[in-house]
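Numbering (my numbering), first residue to last: 8 to 108.
Note that the Cβ used here is the ideal one computed from N, Cα and C, for glycine as well.
Quantities reported herein were computed from a predicted structural model and do not represent experimental measurements.
Contents: one structure, followed by commentary.
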C-alpha cells in the first residue's frame, strides 16, 4: 500500500532514494544520529546502518530507546523518553557544528 506512494515501477525498488543501503555509505556521509525504538520493525536496519557507517569511519551514533515503538519520537509531549531522544539528537549535531573539519 505505502509502496505505491514511493515507487513508480518495480525498478524503483533498487533506487538509492528508496533503499538507503543502495547508496555509497563508505565516504562523505553527513553525521548521523540513529535513534531506534526497542519494538520497531526496522530496528535491524537501524543497527545495520550504524554498523556500516562505523566500519567506514563515518560520523555516527546509535541509541536504542527501551520500551518504545516505531513512531515514539512523535509523542515528545507525552513521553519523556521521546523528548530525551530529540535532545540526544540535538546534542549530537550541536557537538559536530562546534568541531572544525
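Separation of residue 66 from residue 99, as counted between CA atoms: Within the chain shown, residue 99 is the residue found at index 92, counting from 1. Within the chain shown, residue 66 is the residue found at index 59, counting from 1. Using only the alpha carbons, I get a separation of about 10 Å.
May I ask you to check if the CB of residue 66 is nearer than 7 Å to at least one heavy atom of the ligand MG? Among the components of this structure there are no ligands whatsoever, and the ligand MG is therefore not found.
Rounded to whole angstroms, what is the Cα-Cα separation between residue 49 and residue 83? For the purposes of this step, residue 49 is identified with residue 42 of the chain shown, where counting begins at 1. For the purposes of this step, residue 83 is identified with residue 76 of the chain shown, where counting begins at 1. Roughly 20 Å separates the two Cα atoms.
Pull up the distance between the alpha-carbon of residue 70 and that of residue 52, whole angstroms please. Residue numbering aside, residue 70 sits at position 63 when the chain shown is read from its first letter. Residue numbering aside, residue 52 sits at position 45 when the chain shown is read from its first letter. Cα-Cα distance, rounded: 13 Å.
Once the 5 residues before and after residue 45 are set aside, which same chain residues still bring their CB inside 7 Å of it? Reading the chain shown from its first residue, position 38 is the one you call residue 45. The answer, listed in chain order, is 71, 72, 73, 74, 75.
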